[in-house]
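Heads up: the sequence shown begins at 1 in UniProt numbering, then just goes up one per residue.
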Amino acid sequence: MLQPIHIVTSSIDTTCTVWDISTGVPVTQLIAHDREVYDVEWSPQSPEIFASVGADGSVRMFDLRSLEHSTILYEAAPTVPSSSSSKHNGGSSSISPPSTTATPPPLLRLAFSPTSPTYLAVIHAESNDVQILDTRSPGQPAFEVKGHRAPVNGLAWGGATMMGGVGETSGPGWLATVSDDATLLLWDLSTSQPNAQQPSRSAAQQPKRVSTPSLAYSAPSEINAVAWGGGGEWVTIGIAATPSAYVFESFS
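The following block contains the structure:
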């Protein structure tokens, strides 16, 4: 087990800061992205490596031993904003036309698989899907998880074999996702393999689509957060407009 001596924080000022836990003093600060940084997480494989996502639509990996370089694991494809999403000042006689410049959508969250730490999952802003990347093959996602009917708000990894037995663990593991569609979906990716097992995935190599969850739970309203607990036995969710958290037994 890793013995952490540092924490890392992300900021809307485009930086990530590494702090010494014992002293509370910053060890280093770096410009991590071209725009706001929304999430950051240590790799389970090393106390020296972390990855971050931000408003520039990229996933970047850093190594404390070599901060002059970073690895861009993934860049979201640029899209042109729809006219319905453009904003203007009501009552103004001059209305700016919608932007026709294609820009990548922001990436909001990321999470490494604790059981297969070369894999990490990311959430795009206003997206119903989750992309799962393999750090060994930067560029294209290894998997796309498609099951929600509204934007995904949160995700969390569980164990590799959550059904009580010891099985094949060649894939990323179990993943929980929650969404504005008021559902919690549990995905068994413990034996899944990408479509192409090659050292470098080209643009022509499409990610493997996973569209059938193993389990699903419905909530009374949008779900904003999710976490595994009890060694994978329990899943806790936070529901919008309620003061309570809901706890489910994963496989009851």
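For glycine and all other residues, C-beta sits at the position ideal for the given N, C-alpha and C.
E249: member of the beta strand (DSSP E) spanning 245 to 249, first to last residue. Sorting L184, V210, T191 by C-alpha distance to the C-alpha of F248 places L184 at the top. By alpha-carbon distance to P104, the top candidate from V37, V80, A121 is V80.
Collapsing the DSSP output to three states places G231 in a helix.
Here A111 is near W157, since their CB atoms are less than 8 Å apart. Just so you know, the alpha carbons of D39 and G238 end up roughly 19 Å apart. With respect to the C-alpha of D129, the residue from A102, T100, T118, A76 having the closest C-alpha is A76. Taking 8 Å as the cut-off, the Cβ atoms of L189 and F143 count as close. Inclusion of G147 and S218 in the CB contact set at 8 Å is not warranted, their separation being larger than that value. For A111, the uninterrupted beta strand (DSSP E) segment begins and ends at 107 to 112. Judged by beta-carbon spacing, I72 lies within the 8 Å limit of S58, meaning their Cβ atoms are closer than that value. In this chain, the beta strand (DSSP E) harbouring A156 covers 152 to 157. In the structure shown, the three-state DSSP call for H124 is strand. Taking the Cα positions, V235 is about 42 Å away from T100.
Beta bridge pairing from DSSP links E75 with S58. Between K208 and the set P106, P172, E68, the nearest pair of CA atoms involves P172. Between the alpha carbons of S10 and S192 lies a gap of roughly 31 Å. Straight through space, the alpha carbons of S244 and F62 are spaced by roughly 37 Å. Taking 8 Å as the cut-off, the Cβ atoms of V122 and G154 do not count as close. Here P138 is not near A55, since their CB atoms are 8 Å or more apart.
One thing to note: V53 has its Cβ within 8 Å of the Cβ of R109. Annotated three-state conformation of D13 is coil, per DSSP. In the structure shown, the three-state DSSP call for T236 is strand. CA-to-CA, the gap between P78 and G159 works out to about 34 Å. When the five nearest sequence neighbours on each side are left out, the beta carbons in the same chain lying within less than 7 Å of the beta carbon of P117 are those of S43, P44, Q45, in order along the chain. Approximately 6 Å separates the beta-carbon atoms of A182 and S221; this is inside 8 Å, confirming the contact.
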